[in-house]
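This report concerns only the one structure given below.
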Amino acid sequence: MTLTSTTPPAAGDPVLEHLVATLTVEEKVALVIGTGIWTTAAVPRIGLRAMVMSDGPAGVRGRGADPDETSASFPAPSALAATWDVGLADRAGALFAAEARRHGVDVVLAPQVNLQRTPVGGRHFECYSEDPLLSGEIAAALVEAAQERGVGMSVKHFVANDSETERTSYVARVDERALRECYLAPFERVVRGSGAWSVMGAYSGLDAFGLAAPVLEHAPLLHGLLKDEWGFDGVLVSDWVATQSVGPAVRGGLDLQMPGPDGPWGDGLLAAVRSGEVPAELLDDKVRRLLLLATRVGALGAQGESPAPAAPAAEPFLRELAARATVVLKDDAGLLPLPLAEGATVALLGPAATQPFTQGGGSGYVRPDRATDPAGALRDALPAGVRLVVQAGARARLTPPPLDVAGRCADPVTGEPGVRVELLDAAGTTLDTWTDPAWNGWLQHVRPDAVTARLTAAVRLPEPGEHELGVGTVGRHEVLIAGQLASTSAAEVDEGVILSSGHNHPVTPVVRVSGTGTAELRAELQVVHPVGYASFVRALLAHRLPGPTAEDEMAAAVAEAAAADVAVVVVGTTEEVESEGFDRRDLDLPGNQDEFVRRVCAANPRTVVVVNAGAPVLLPWLAEAPTVLWAWLAGQECGTALADVLLGVTEPSGRLPWTLPARAEDVPVPHAVPRDGVIEYVEGLHVGYRSWEKDGREPAACFGHGLGWTTWSYEDVTAEPAEAGDVTVTVTVRNTGARDGHEVVQVYVEPPADPGGPERPVRWLGGFAAVHVPAGASARVPVRVPRRAFEVWDPAAGGWFVPAGEHVLRAGRSVRDLRLISKAPLDQSSARRNR
Ligand code: BGC
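Take the sequence shown: its letter number 754 is residue 754 in the UniProt record's numbering, and every next letter is one higher.
Structure, rendered in structure tokens:
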């Protein structure tokens with residue numbers, strides 16, 4: 001039988017029940033195991049095609065089959081959250097859906113609603129916020145927009161997967177209130193409120209609800225809470241290669257092992273079902289969920305290709321989004337937009353001026369449809385008669401730049417341009433040889449019998465002076481450069497190197513070679529055959545030419561700054577610093593960028609500093625810099641968006657979705673390192689800014705901060721009861737500046753003063769709304785504060801309650817710029833005084 005209905009049947013639908021009954025046990029088992037890195041099984045006789053899943057939170061990567069496949073590259077998720085604008089999140093969701101269809105993808109592995117518990121968390125940039133409400137509202141708008149268009153989103157990583165150190169094994173120990181009120185809250189919002197079709201279970205473990213176990217085996221979490229209590233009818237998919245068992249994971253609540261067919265379920269699920277270790281009803285439940293998902297995305301009974309859904313045009317939308325997300329941390333000198341008279345000179349400085357960091361490292365990376373950079377975009381946008389000078393002046397990367405293979409290397413045997421590649425089997429016999437004219441650091445999809453790759457090249461170094469040459473690789477290797485042993489290791493690696501992201505940013509030892517001749521490069525490298533992923537060889541070829549010293553470069557750029565009418569310095573992190581797979585060691589800007597900013601600011605009082613980073617970095621020069629913008633990892637439109645901000649085309653209306661520390665020692669959760677395999681969430685309810693409020697420490701910029709380009713007065717506030725115990729807070733704001741602008745009205749809740757009441761944070765976000773108001777005008781802005789914002793979880797009773805007493809509502813521009821106060825009109829009849 002073939003299903004032809006286009007209306008998604010609810011779970012328990014007779015059509016689905018019939019299909020489940022007609023499937024053989026072998027087919028059912030096959031359905032819950034991936035058939036490749038991104039695909040699920042097809043059963044053509046019931047009209048089911050394979051479903052395709054793909055990353056991720058900053059664009060839709062595609063199936064990876066075509067190395068030239070490109071995608072719309074979105075600003076990193078924290079930037080979307082920095083708009084505090086659910087309307088923009090809705091449009092982003094529509095674009096995700098269109099991108100998914102363009103790439104033949106049914107389910108996008110996003111959004112990531114883990115909270116930014118510590119600023120050193122490697123995937124901080126992929127998450128939305130420190131705050132559960134902001135994370136949940138942005139995610140909900142995005143997921144609803146994509147799902148309305150027939151594309152699934154897999155909300156990840158369920159749950160308390162907030163750091164990367166030992167990420168496949170650590171156990172997060174979180175008390176139940178913190179879990180419910182903070183870490184689970186955005187998942188609950190998207191599952192219950194938006195009906196998410198898929199959730200991804202984390203690599204890590206969880207010690208909560210009376211059980212310490214890997215998340216994928218955690219029945220109280222997956223069955224008890226997600227499926228039974230929240231009514232989740234979608235597919236709980238494993239994070240990639242995260243499944244560690246058959247019986248415990250099947251019983252725990254995992255529905256789909258990805259990837260496949262290798263892995264524990266591929267090896268043992270069929271036998272476990274046949275032996276009765278896995279009950280048939282459990283397997284049926286998973287199959288039903290898979291079929292429901294297939295119906296929802298149009299993979300079951302669909303006739304032909306799914307139509308491309310309506311969405312905003314990618315380029316203008318991503319440009320607007322990146323510009324709107326930009327946060328004005330300060331503008332003491334009124335340099336926005338740039339004051340540019342005819343004949344003025346702009347010095348655009350900093351390593352990211354020409355080489356911006358547009359996406360964090362790891363699985364979220366997409367090959368962008370197009371790339372823009374600040375230098376190119378400003379050159380195009382500046383009015384005629386304004387001169388632009390561009391210089392790096394500082395170094396952000398720790399590894400030397402890529403070797404120009406096409407221009408400098410020759411195959412030592414044939415003399416052709418490029419590097420010579422030989423694949424050898426276990427006996428050392430050559431299987432294949434060719435010249436690669438443009439080696440890009442990777443060999444992908446290597447034949448299964450290849451064990452070693454040998455790379456050789458004659459590198460031309462005509463420039464006199466000292467060159468640095470290096471090869472970054474992973475696994476067993478031996479690298480010789482100009483006869484010197486650069487690096488050697490006998491240790492083999494497996495898929496773990498992908499999970500730790502070690503293959504993306506391999507350590508790259510360099511040797512120094514004198515120029516004017518040719519250097520022989522010879523590298524014997526492991527061919528990595530990781531379970532669940534395509535095999536590969538990694539060889540990042542690096543080369544720094546003789547040239548000015550770092551000090552000379554800096555002095556020259558500072559001189560340009562001094563001579564210019566206005567200086568713009570773009571500094572930031574790189575993928576060596578911010579990536580999935582590892583946490584940051586510190587919060588510093590890498591390289592010599594801090595010193596550079598100080599010197600530029602001293603040389604020119606009209607300096608705009610632009611920080612190109614995803615997660616917080618310390619800005620020790622903040623007081624010395626007149627104007628500072630936080631410009632995120634802005635995706636493909638990073639250059640055009642920055643030009644729009646600097647030239648006054650689009651308001652940088654972002655507000656920080658996290659706290660920017662001033663000093664490392666003040667950070668409430670300064671690291672993410674498990675102790676004996678356990679991470680204790682000792683701060684409890686006081687995640688992010690809530691700890692800063694409790695401890696009374698001064699950050700560089702607080703949660704919610706962002707100036708925009710106009711000024712606001714807060715004139716009036718009222719609070720009315722709304723349906724379902726919610727409260728509507730109506731705030732009147734006036735745009736008192738000379739420009740039309742966006743305001744983000746933020747409402748914070750403070751608990752009743754009750755010494756006997758439950759522990760509460762000092763204040764927390766209760767609701768927010770973004771509004772656009774013309775210069776001089778005022779607006780009445782309704783902000784919905786959900787009942788949940790007042791509630792406390794009672795672990796003993798297993799329920800929510802509103803503590804008795806008067807909750808205070810404060811409206812303002814950030815958690816520390818609170819302008820108006822009101823009482824929460826809560827019905828006290830059901831409120832409780834105990835606990
Ligand atoms: C990441 C996930 C991602 C998956 C597939 C994992 O390593 O943790 O976020 O969706 O890989 O690329």
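No residue lacks a Cβ here, since even glycine has one placed at the ideal position from N, Cα and C. Predicted, not measured: the structure shown is a model, and the values here were computed from it.
Presumed contact (8 Å Cβ cut-off) between residue i and residue j, rounded CB distance
i	j	result
HIS705	GLU750	About 19 Å separates the two Cβ atoms, so there is no contact after all.
MET827	GLY725	A small correction: the amino acid at residue 827 is Asp; Met does not occupy that position in the sequence shown. At roughly 7 Å, the Cβ-Cβ gap stays under 8 Å, so ASP827 and GLY725 are in contact.
GLU575	PRO530	Not really, about 20 Å apart at Cβ, beyond 8 Å.
PRO351	VAL617	Not quite, the Cβ-Cβ distance comes to about 14 Å (not below 8 Å), so this is no contact.
SER73	THR326	Contact doesn't hold; Cβ gap of about 17 Å is too wide.
ASP90	ALA145	5 Å
VAL451	TRP434	Not really, about 18 Å apart at Cβ, beyond 8 Å.
LEU80	ALA92	6 Å
VAL190	ALA202	Not really, about 15 Å apart at Cβ, beyond 8 Å.
GLY472	GLY515	About 22 Å; that fails the 8 Å criterion.
VAL459	LEU521	6 Å
ARG60	GLU99	In the sequence as displayed, the identity of residue 60 is Val instead of Arg. The Cβ separation is near 4 Å, so the contact holds.
GLU281	ALA249	Not a contact, Cβ separation roughly 16 Å.
Residue i versus the options, residue with shortest Cα-Cα distance
i	options	result
ALA523	SER71, GLY515, PRO509	PRO509
ALA811	ALA777, ALA796, GLU277, GLN746	GLN746
VAL32	ALA172, LEU211, SER238, SER169	SER238
ASP68	PHE232, PRO14, ASN440	ASN440
VAL493	GLN484, LEU485, SER487, HIS477	HIS477
VAL393	HIS124, THR549, VAL527	Looking at the sequence shown, residue 393 is not Val but Gly. Measuring from the Cα of GLY393, the nearest candidate turns out to be THR549.
SER814	LEU707, VAL733, ALA631	LEU707
PRO259	THR35, ALA344, ALA563, GLY360	THR35
VAL566	PRO75, LEU335, GLU26	LEU335
ALA347	ARG379, ASP332, PRO356	ARG379
Any non-hydrogen atom of the ligand BGC closer than 7 Å to residue i Cβ
i	result
LYS156	yes
SER363	yes
LEU115	no
GLY418	no
TRP197	no
TRP442	no
LEU142	no
LEU485	no
GLY122	no
ASP794	no
residue 900	This structure cannot settle anything about residue 900, because the visible part of the chain is limited to 1 through 835.
LEU109	yes
TRP240	yes
ASP494	no
GLY56	yes
LEU499	yes
Beta-carbon gap between residue i and residue j smaller than 8 Å
i	j	result
THR243	PRO264	yes
PRO652	ALA310	no
LEU115	GLU130	yes
LEU403	GLU463	no
LEU431	ASP449	yes
VAL744	ARG655	yes
PRO803	GLY767	no
VAL569	VAL610	yes
TRP230	GLU188	yes
TYR128	SER163	no
GLY741	TRP764	no
GLU560	GLN444	no
ALA139	PRO186	yes
GLY122	ARG675	no
LEU19	ALA381	no
GLY639	PRO337	no
VAL278	GLY247	yes
SER194	VAL235	no
ALA97	ARG149	yes
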